[in-house]
Amino acid sequence: ERIAVLKTYRGQGIGKRIIAASLGLAKTKGALEVILDSQQSATGFYEKLGFRQEGELFEEVGIPHIAMTKKL
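The working numbering puts the first residue of the sequence shown at 307, with every later residue one more than the last.
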């Protein structure tokens, strides 16, 4: 699945709140780690939230992506 915030709403903390809610839910379900595939252009966003890049770049629908992980 993909999650995105429309460009007109970016910079308002919506993405951070979506990730925080998702991480909170994952914790309540007993998850120890979260893994996601980020577009290369969005890695800085996830790094600010504590995610780390893992592995090599790959293309998905013609867009460079990289796997990212965060321990909970």
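Ideal Cβ positions, reconstructed from N, Cα and C, are used throughout, including at glycine.
Straight-line measurement puts the Cα of P370 at about 20 Å from the Cα of G321. Within a 10 Å sphere around the beta-carbon of F357 sit 16 or more other beta-carbons, which makes this residue buried. Inclusion of E339 and K376 in the CB contact set at 9 Å is warranted, their separation being smaller than that value. The beta-carbon separation of L378 and K333, rounded to 5 Å, stays under the 8 Å limit for a contact. DSSP places F364 in no alpha helix (DSSP H) but in the uninterrupted beta strand (DSSP E) bounded by R358 to E366.
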